[in-house]
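Before any comments, here is the structure.
Chains as they are written, first to last, in our numbering: chain B, 101 to 357; chain Z, 53 to 473.
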């Protein structure tokens with residue numbers, strides 16, 4: 101019997117199966133679309149082909165309470181912190197870049213959330229920002245990563261707004277800037293928007309869908325903050341944390357009863 | 053964490069005094085309406101922390117456009133009116149009370165029409181105090197031009213650290229200077245005894261309001277921020293009258309009764325939070341339910357505490373008015389604000405602070421110059437910043453804010469659990 105953690109995010113729904121030893125065993129990710137329950141069903145159907153799933157399932161994210169099966173919902177920030185602490189066992193700063201949100205979380209040495217901050221009501225610096233720019237430039241995420249490798253110097257993107265950033269980029273192309281240098285500028289603008297959320301004075305952990313699809317972002321973070329890493333399956337960590345939070349709760353309840 | 057199948061516990065415990073509040077506010081609007089229709093008494097428009105006592109003492113009925121702005125926000129109509137004001141050249145980045153109020157006026161709509169008003173009551177004079185912000189002068193100037201009526205104001209220094217006798221004298225002198233214009237419009241002479249009386253009533257109302265707010269020091273609290281934001285109506289619009297005094301006696305008695313019977317404002321009070329910044333008027337009810345569901349009581353706020361003018365004194369009505377309206381939180385320097393907040397979080401046994409950064413109200417958003425970090429270093433009390441606006445719902449991301457608030461309460465829960473191990 102496996103426990104299922106689901107992170108029902110604004111862009112993607114991520115599912116992870118966790119075994120009895122609290123190890124992540126299987127992963128599946130689908131677009132959230134307009135119906136979170138459909139996204140959850142797709143993931144459950146996918147997993148039940150090969151695994152037996154226990155209920156309730158453990159959810160977080162925007163759609164955390166919009167599933168038709170028995171569930172226990174959690175805060176995605178607390179869940180993510182739990183998962184990262186489980187892996188690192190130390191205090192750290194987390195920057196999570198998702199489809200719509202960028203989050204900073206400071207986890208203390210006990211694994212507690214010390215403070216956190218989310219982006220303002222603005223998509224600049226999030227996955228949606230990059231998706232929109234990639235769409236307008238007719239470039240895939242994989243190509244973005246390849247372009248960045250060819251960059252010779254960064255071109256600075258000054259616009260705070262996704263729409264105006266595109267106008268700015270079009271102007272740069274007109275003035276002879278190369279696409280690789282522009283891509284590097286786009287990545288760095290995302291990093292700048294992330295690090296303004298808070299001072300980073302601890303080991304930095306990068307998580308979320310954007311670094312998973314654009315590993316170059318993690319390398320660029322490392323250039324600025326050498327003490328940086330991004331765990332494997334970082335896109336699935338909030339879902340994983342949901343399961344961990346509840347397995348701990350179950351254990352505590354078992355002891356106290 | 054929430055579990056499917058478990059019934060929402062966000063049931064709010066309503067205050068019985070709400071009926072008396074409605075009667076008190078109905079009485080206020082009835083007097084205004086009568087004055088507007090019969091022209092039997094002059095009408096002055098006044099800013100919410102302006103010289104209301106002086107105006108009431110001279111026989112004016114007093115109308116407060118900020119109260120009207122809050123009504124537009126609470127009625128979830130502000131975003132319908134703001135674009136009209138913007139089209140007339142008012143930036144969407146300035147006070148959304150101003151833009152929603154002027155926008156509604158330009159569309160000839162007001163929630164007062166439900167109470168039989170044809171329009172907002174026509175002013176005979178507009179009176180402001182810039183202690184809260186400069187926008188009020190621009191706001192009132194719009195109406196002064198439109199109605200072609202006089203406008204007078206008191207200009208208060210900002211970011212006051214040392215509230216010196218010179219500052220108090222300067223403001224007190226300005227009170228004196230606006231009197232001749234008020235006399236001309238009121239068609240009656242200023243009377244010092246009448247002013248002493250309204251200052252005395254204002255003092256008594258403020259002291260009672262302070263006592264109401266301080267009942268939230270009790271654990272569990274019998275009143276929360278969302279109640280206070282509604283029940284503050286009389287102290288805003290009837291400060292200086294016996295109506296406010298009488299109402300707060302009723303409310304205070306109910307709160308004392310609640311404490312005796314151990315009735316709390318939220319069904320279960322596990323967490324006690326301080327709210328810094330403006331209310332989100334268009335989400336007052338849903339936020340109240342959310343916090344109740346999270347077993348959290350917002351026990352104190354800068355906003356509601358801002359109408360405590362207990363320095364007012366009948367003995368020295370001018371000087372004490374100047375002192376009281378310069379002592380106001382919003383007029384003070386960050387250093388003073390930090391001290392005030394530190395004391396309030398201690399007095400109310402607060403476990404966390406929420407800063408609402410209101411997009412269009414810089415003066416009431418105190419997390420813009422690092423105060424939140426400095427206060428955290430001094431107190432160790434965790435905080436959360438949410439972005440929104442007092443009236444413009446387009447500046448607020450609800451889902452994102454709910455996640456942030458739920459996480460914050462989980463964060464506090466984690467800390468509290470550990471501290472009890």
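All C-beta atoms in this analysis are idealised placements derived from N, C-alpha and C, irrespective of residue type, glycine included.
Which term fits residue 460(Z), buried or exposed, when burial requires 16 or more other beta carbons within 10 angstroms of its beta carbon?
Against the second chain, residue 460(Z) aligns to sequence position 408. Burial call: buried.
Indicate whether at least one CB of chain Z lies closer than 9 angstroms to the CB of residue 201(B).
As a working note, residue 201(B) is residue 101 in the first chain. Interface residue, yes.
Nearest neighbour of residue 72(Z), chosen from 284(Z), 217(Z), 125(Z), 153(Z) [CA to CA]:
Here residue 72(Z) refers to the residue found at position 20 of the second chain. Comparing Cα positions, the closest option is 284(Z).
Does DSSP put residue 110(Z) in a helix, a strand or coil?
If you number the second chain from 1, residue 110(Z) lands on position 58. In the structure shown, residue 110(Z) adopts coil according to DSSP, grouped into three states.
Is residue 101(B) closer than 9 angstroms to residue 340(B) when the C-beta atoms are compared?
Counting from 1 along the first chain, the entry for residue 340(B) is found at position 240. Counting from 1 along the first chain, the entry for residue 101(B) is found at position 1. No, the pair does not count as a contact, with Cβ atoms beyond the cut-off.
Taking the C-alpha atoms as reference points, what is the distance between residue 292(Z) and residue 146(Z)?
Locating residue 292(Z) in the second chain gives position 240, where the first residue counts as 1. Locating residue 146(Z) in the second chain gives position 94, where the first residue counts as 1. Rounded to the nearest angstrom, the two C-alpha atoms are 30 angstroms apart.
Measuring only the C-alpha atoms, how far is residue 106(Z) from residue 465(Z)?
Sequence index remark: in the second chain, residue 106(Z) carries index 54 (1-based). Sequence index remark: in the second chain, residue 465(Z) carries index 413 (1-based). Computed Cα separation, rounded: 49 angstroms.
Going by C-alpha to C-alpha distance, which of 102(Z), 64(Z), 69(Z) sits closest to residue 290(Z)?
Here residue 290(Z) refers to the residue found at position 238 when the second chain is read from its first residue. Of the listed residues, the one whose Cα sits closest to residue 290(Z) is 102(Z).
Please check the pair residue 364(Z) and residue 258(Z), which I expect to be a contact at CB under 8 angstroms, by giving their CB distance rounded to whole angstroms.
For the purposes of this step, residue 364(Z) is taken as residue 312 along the second chain, with counting starting at 1. For the purposes of this step, residue 258(Z) is taken as residue 206 along the second chain, with counting starting at 1. Contact flag correct, Cβ pair sits at about 7 angstroms.
By the 7 angstroms beta-carbon criterion, what residues does the segment 318-348 of chain B contribute toward chain Z?
Answer set for the segment 318-348 of chain B: empty.
For the ligand ADP, is there a heavy atom less than 8 angstroms away from the beta-carbon of residue 220(B)?
The ligand ADP is not part of the structure shown, which contains no ligands of any sort.
If you drop the 5 nearest sequence neighbours on each side, which residues of the same chain put their C-beta closer than 7 angstroms to that of residue 254(B)?
Residue 254(B) sits at position 154 when you count from the first residue of the first chain. Contacts found: 281, 284, 285, 288.
Burial state of residue 261(B), where buried means 16 or more other Cβ atoms lie within 10 Å
Against the first chain, residue 261(B) aligns to sequence position 161. Its Cβ having fewer than 16 others within 10 Å, residue 261(B) is exposed.
Flag residue 217(B) as yes if its beta-carbon sits less than 9 angstroms from any beta-carbon of chain Z, otherwise no.
Here residue 217(B) corresponds to residue number 117 of the first chain, with the count starting at 1. By this cut-off, residue 217(B) is an interface position.
At least one CB of chain Z closer than 9 angstroms to the CB of residue 57(B): is that the case?
Residue 57(B) lies beyond the residue range present for chain B, which begins at 101 and ends at 357; the question has no answer from this structure.
Can you pull the chain Z residues whose beta carbon is under 9 angstroms from the beta carbon of residue 176(B), in chain order?
Position 76 of the first chain holds residue 176(B). What residue 176(B) touches in chain Z: 455, 459.
Short CB-CB distance (under 9 angstroms) between residue 162(B) and chain Z
Within the first chain, residue 162(B) is the residue found at index 62, counting from 1. Yes, residue 162(B) counts as interfacial toward chain Z.
Among the candidates 443(Z), 451(Z), 463(Z), 189(Z), whose CA atom is the shortest distance from the CA of residue 130(Z)?
To locate residue 130(Z), count along the second chain from 1; it is residue 78. Minimum Cα distance to residue 130(Z) is reached at 443(Z).
In chain order, what residues of the same chain lie with their CB nearer than 7 angstroms to the CB of residue 414(Z), ignoring the 5 residues before and after it?
Taking the second chain and counting its residues from 1, the one referred to as residue 414(Z) is at position 362. Taking residue 414(Z) as the centre and dropping the five residues before and after it, the same chain places the C-beta of 420 closer than 7 angstroms to its C-beta, in chain order.
Can you give the Cα-Cα distance for residue 114(B) and residue 148(B), rounded to whole angstroms?
Sequence index remark: in the first chain, residue 114(B) carries index 14 (1-based). Sequence index remark: in the first chain, residue 148(B) carries index 48 (1-based). Straight across, the Cα-Cα distance linking residue 114(B) with residue 148(B) is about 15 angstroms.
For a contact defined as C-beta to C-beta under 8 angstroms, what are the partners of residue 239(B) on chain Z?
For the purposes of this step, residue 239(B) is taken as residue 139 along the first chain, with counting starting at 1. Scanning chain Z for C-beta atoms nearer than 8 angstroms to the C-beta of residue 239(B) yields nothing, as the closest lies near 28 angstroms away.
Measure the Cβ-Cβ separation of residue 356(Z) and residue 280(Z) and say whether it is below 9 angstroms.
Within the second chain, residue 356(Z) is the residue found at index 304, counting from 1. Within the second chain, residue 280(Z) is the residue found at index 228, counting from 1. Taking 9 angstroms as the Cβ cut-off, residue 356(Z) and residue 280(Z) qualify as a contacting pair.
Look at the Cβ atom of residue 307(Z), then the Cβ atom of residue 274(Z), and state whether they are nearer than 9 angstroms.
One-based indexing of the second chain puts residue 307(Z) at position 255. One-based indexing of the second chain puts residue 274(Z) at position 222. Yes.
With a threshold of 16 other CB atoms inside 10 Å of the CB of residue 236(Z), please say whether the residue is buried or exposed.
Within the second chain, the letter at position 184 stands for residue 236(Z). Sixteen is the threshold: since fewer than 16 other Cβ atoms of the shown chains lie within 10 Å of the Cβ of residue 236(Z), the residue is exposed.
In the DSSP assignment, what are the bridge partners of residue 211(Z)?
Here residue 211(Z) refers to the residue found at position 159 of the second chain. Answer by DSSP bridge pairing: none, since residue 211(Z) is not bridged.
Contact check, residue 434(Z) vs residue 152(B), beta carbons under 9 angstroms:
The count along the second chain starts at 1 and reaches residue 434(Z) at position 382. The count along the first chain starts at 1 and reaches residue 152(B) at position 52. Cβ distance not < 9 angstroms, so residue 434(Z) and residue 152(B) don't count as in contact.
When the Cα atoms are used, what is the spatial distance from residue 400(Z) to residue 391(Z)?
Working through the second chain from its first residue, we reach residue 400(Z) at position 348. Working through the second chain from its first residue, we reach residue 391(Z) at position 339. If I take the Cα positions, the gap works out to 14 angstroms.
Within the segment 294-324 of chain B, note down every full alpha helix (DSSP H) run reaching 4 residues or more, in order along the chain.
List check, alpha helix (DSSP H) in window: 309-313, 315-324.
Flag residue 332(Z) as yes if its beta-carbon sits less than 9 angstroms from any beta-carbon of chain B, otherwise no.
As a first step, residue 332(Z) must be located in the second chain, where it is residue number 280. No, because no Cβ of chain B sits closer than 9 angstroms to the Cβ of residue 332(Z).
Quick check: what's the CA-CA separation for residue 297(B) versus residue 186(B)?
Taking the first chain and counting its residues from 1, one reaches residue 297(B) at position 197. Taking the first chain and counting its residues from 1, one reaches residue 186(B) at position 86. Looking at the two C-alpha atoms, the distance is approximately 24 angstroms.
For residue 351(Z), which residues from the same chain have a beta carbon less than 6 angstroms from its beta carbon, with the 5 sequence-adjacent residues on both sides left out?
Taking the second chain and counting its residues from 1, one reaches residue 351(Z) at position 299. The beta carbon of residue 351(Z) sits closer than 6 angstroms to the beta carbons of 268, 273, 324, 400 from its chain, once the five residues preceding and following it are set aside; these are given in chain order.
Can you grab the Cα-Cα spacing for the pair residue 318(Z) / residue 344(Z), in whole Å?
In the second chain, counting from the first residue as 1, residue 318(Z) sits at position 266. In the second chain, counting from the first residue as 1, residue 344(Z) sits at position 292. So the two alpha carbons sit approximately 5 angstroms from each other.
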